[in-house]
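Numbering (this note's numbering), first residue to last: 34 to 450. We put the beta carbon where it would ideally sit given N, CA and C, even for glycine.
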């Protein structure tokens, strides 16, 4: 099934789920189910109290409250039903309980009819607004699926796991990105962080991920992939400077400086089909962590390079990918600065390297005692690493104020055969 069809079905299911709930997930999905029974309960309670309490007490106000509450909790036709029940009950109480209610029932009934009418109108407005919000949220979810597609548990010689969390949880997507693509040159991966966060950064995320998907299939080197991404970002920058989408090519105006607002840190990875080594091109991104090698938990620092979008500042310096050998079961952890810059209540940054060492380093429950001190293949699961980091950061930080992405890749070529 194609990605587009999956996205379309996800949108349809999400919207239908909102409609089937009557008021949609954004309106009362967070309330307990019994809340929706309050309006009819108030109507019945008004009748019971009128019949069982002394005549000097009147509970007609419960009927008005039931109608207004129905408008907030139910669909319009339910509000009409509750209003009709309340009006009928009010007339009946006026006729049956003459010692409590005055003979003239016209005024109170007209008032309750008006309340019912306005409450039904309110319910219509709320339902329309809720349906719009459901559709907007469905589109946001579809956008996330299109830009940041879920990672399969395995691709070629690698086991995969990842998670994305936007700083604005309601937006679902923000300024961090990842993309994994099988190519003729092996499995290629990009993990990045666009300047800015939230919805405002999604345009650049879309540019980078789409450019990467195309370039990863055609460029023989990671340097070439990075160059193609920068060219796509340059066209976006030109569009921003020109104030439109039909800006001339950057090459038609040499010497034109790029606006500094559009850039992204990123790390590009390439795993050949045998899976025994990885090529890494780091463009200003936080270093990867390597788990399971003979040295325990260590950062991979392939050298400093300017972020994507700043390549014109050093045209004579072309960053090259570095190669690292990988043993069976070795694991790489890529992440964005939303992880390492998460602050605790006392202002301390999250110590990712330290926490990984405590859990996966020498002496941990995941460490094997075999020769060479290598990690057991079955002793560590990429999904478990992702779950640990995400949960640990969430517990550490007082609040998550930045977008966060975590991608874990494990060398496992034997199991892939």
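Name the two residues that bound the continuous beta strand (DSSP E) containing residue 367. Within the chain shown, residue 367 is the residue found at index 334, counting from 1. That run of the beta strand (DSSP E) goes 364–368.
Would you mind reading off the limits of the beta strand (DSSP E) that contains residue 332? Stepping through the chain shown from its first residue, residue 332 is reached at position 299. Unbroken beta strand (DSSP E) run through residue 332: 329–333.
Going by alpha carbons, who is nearest to residue 163 out of 106, 181, 140 and 236? Counting from one through the chain shown, the residue named residue 163 turns up at place 130. For residue 163, the nearest C-alpha among the options comes from 106.
Rounded to whole angstroms, how far is the Cβ of residue 362 from the Cβ of residue 325, which I believe are closer than 8 Å? Working through the chain shown from its first residue, we reach residue 362 at position 329. Working through the chain shown from its first residue, we reach residue 325 at position 292. Residue 362 to residue 325, Cβ: 5 Å. Contact.
Beta-carbon contacts of residue 383 that lie in its chain and below 7 Å, excluding the five residues immediately before and after: One-based indexing of the chain shown puts residue 383 at position 350. Excluding its 5 nearest sequence neighbours in each direction, residue 383 has C-beta neighbours in its own chain below 7 Å: 372, 373, 375, 426, 429 and 430, listed in chain order.
To the nearest angstrom, how far is the alpha carbon of residue 435 from that of residue 199? As a working note, residue 435 is residue 402 in the chain shown. As a working note, residue 199 is residue 166 in the chain shown. Residue 435 and residue 199: Cα-Cα distance of roughly 7 Å.
Can at least three beta-carbon pairs, one atom from the stretch 231–249 and one from the stretch 205–223, be found at a separation below 8 Å? Judged by Cβ distances under 8 Å, the stretch 231–249 makes contact with the stretch 205–223, as three or more pairs qualify.
Please classify residue 81 as buried or exposed, where buried requires at least 16 other C-beta atoms within 10 Å of its C-beta. Translated into positions along the chain shown, residue 81 becomes position 48. Counting other Cβ atoms within 10 Å of its Cβ, residue 81 stays below 16 and is therefore classed as exposed.
By the three-class DSSP mapping on this structure, what secondary structure does residue 413 have? Here the question's residue 413 lines up with position 380 in the chain shown. In the structure shown, residue 413 sits in coil (DSSP, three-state: anything other than H, G, I, E or B).
Among 226, 225 and 242, whose alpha-carbon lies nearest the alpha-carbon of residue 214? Along the chain shown, one-based indexing puts residue 214 at 181. Sorting 226, 225 and 242 by C-alpha distance to the C-alpha of residue 214 places 242 at the top.
Tell me which residues share the same chain as residue 377 and place their Cβ nearer than 6 Å to its Cβ, disregarding the 5 neighbours each side in the sequence. Indexing the chain shown from 1 puts residue 377 at position 344. Answer for residue 377: 429, listed in chain order.
Per DSSP, residue 444 is paired with what? Within the chain shown, the letter at position 411 stands for residue 444. Residue 444 is bridged by DSSP to 191.
Count the other CB atoms, across all protein chains shown, that sit within 10 Å of the CB of residue 432; report buried if there are 16 or more and exposed otherwise. As a working mapping, residue 432 is identified with position 399 in the chain shown. Label assigned to residue 432: exposed.
Buried or exposed: residue 195, going by 16 or more other Cβ atoms within 10 Å of its Cβ? As a first step, residue 195 must be located in the chain shown, where it is residue number 162. With 16 or more other Cβ atoms within 10 Å, it is buried.
Looking at residue 441: is its Cβ nearer than 7 Å to the Cβ of residue 419? One-based indexing of the chain shown puts residue 441 at position 408. One-based indexing of the chain shown puts residue 419 at position 386. Yes, they are a contact pair.
Residues near residue 219 in its chain [Cβ-Cβ closer than 6 Å; skip 5 each side]: Against the chain shown, residue 219 aligns to sequence position 186. Sequence-distant partners of residue 219 (beyond 5 residues in either direction) whose C-beta falls short of 6 Å from its own C-beta, in its chain, are 303, 304, 305 and 306.
Backbone secondary structure at residue 218 - three-state DSSP: For the purposes of this step, residue 218 is identified with residue 185 of the chain shown, where counting begins at 1. Residue 218 sits in coil when the DSSP states are folded into three classes, being neither helix nor strand.
So is residue 197 buried or exposed if we call it buried at 16+ other beta carbons inside 10 Å? Counted from its first residue, the chain shown places residue 197 at position 164. Residue 197 is classed as buried because its beta carbon has at least 16 other beta carbons within 10 Å across all chains shown.
Short check: CB of residue 245 to CB of residue 223, under 7 Å? Start at 1 with the first residue of the chain shown, and residue 245 comes out as number 212. Start at 1 with the first residue of the chain shown, and residue 223 comes out as number 190. Yes, these two residues count as a Cβ contact at 7 Å.
Three-state secondary structure (DSSP) at residue 114? Translated into the one-based positions of the chain shown, residue 114 becomes position 81. Helix, per DSSP.
Nearest to residue 159 by alpha carbon, out of 189, 122 and 101? The residue labelled residue 159 in the question sits at position 126 within the chain shown. Minimum Cα-Cα distance from residue 159 among the listed residues 189, 122 and 101 corresponds to 101.
Can you tell me whether residue 98 is helix, strand or coil according to DSSP? Within the chain shown, numbered from 1, the residue matching residue 98 stands at position 65. Secondary structure at residue 98: helix, using DSSP grouped into helix, strand and coil.
Helix or strand or just coil, what does DSSP make of residue 182? Working through the chain shown from its first residue, we reach residue 182 at position 149. In this structure, DSSP gives residue 182 a state outside helix and strand, which the three-state scheme calls coil.
Specify the secondary structure class of residue 86 as computed by DSSP and reduced to three states. As a position in the chain shown, residue 86 is number 53, starting the count at 1. In this structure, residue 86 counts as coil in the three-state DSSP scheme.
Quick check on this structure: which residue in 299, 343, 97 and 311 has the alpha carbon closest to the alpha carbon of residue 320? Numbered from its first residue, the chain shown carries residue 320 at position 287. For the options 299, 343, 97 and 311, the alpha carbon positioned closest to that of residue 320 is the one of 299.
Could you compute how far the alpha carbon of residue 343 sits from the alpha carbon of residue 296? For the purposes of this step, residue 343 is identified with residue 310 of the chain shown, where counting begins at 1. For the purposes of this step, residue 296 is identified with residue 263 of the chain shown, where counting begins at 1. If I take the Cα positions, the gap works out to 7 Å.
Could you check what DSSP says for residue 347 in three-state terms: helix, strand or coil? By 1-based counting over the chain shown, the position of residue 347 is 314. Three-state DSSP puts residue 347 in coil, outside helix and strand.
What does the Cβ neighbour count give for residue 225, buried or exposed, with the cut at 16 atoms within 10 Å? Within the chain shown, the letter at position 192 stands for residue 225. Buried, since its Cβ has 16 or more Cβ neighbours within 10 Å.
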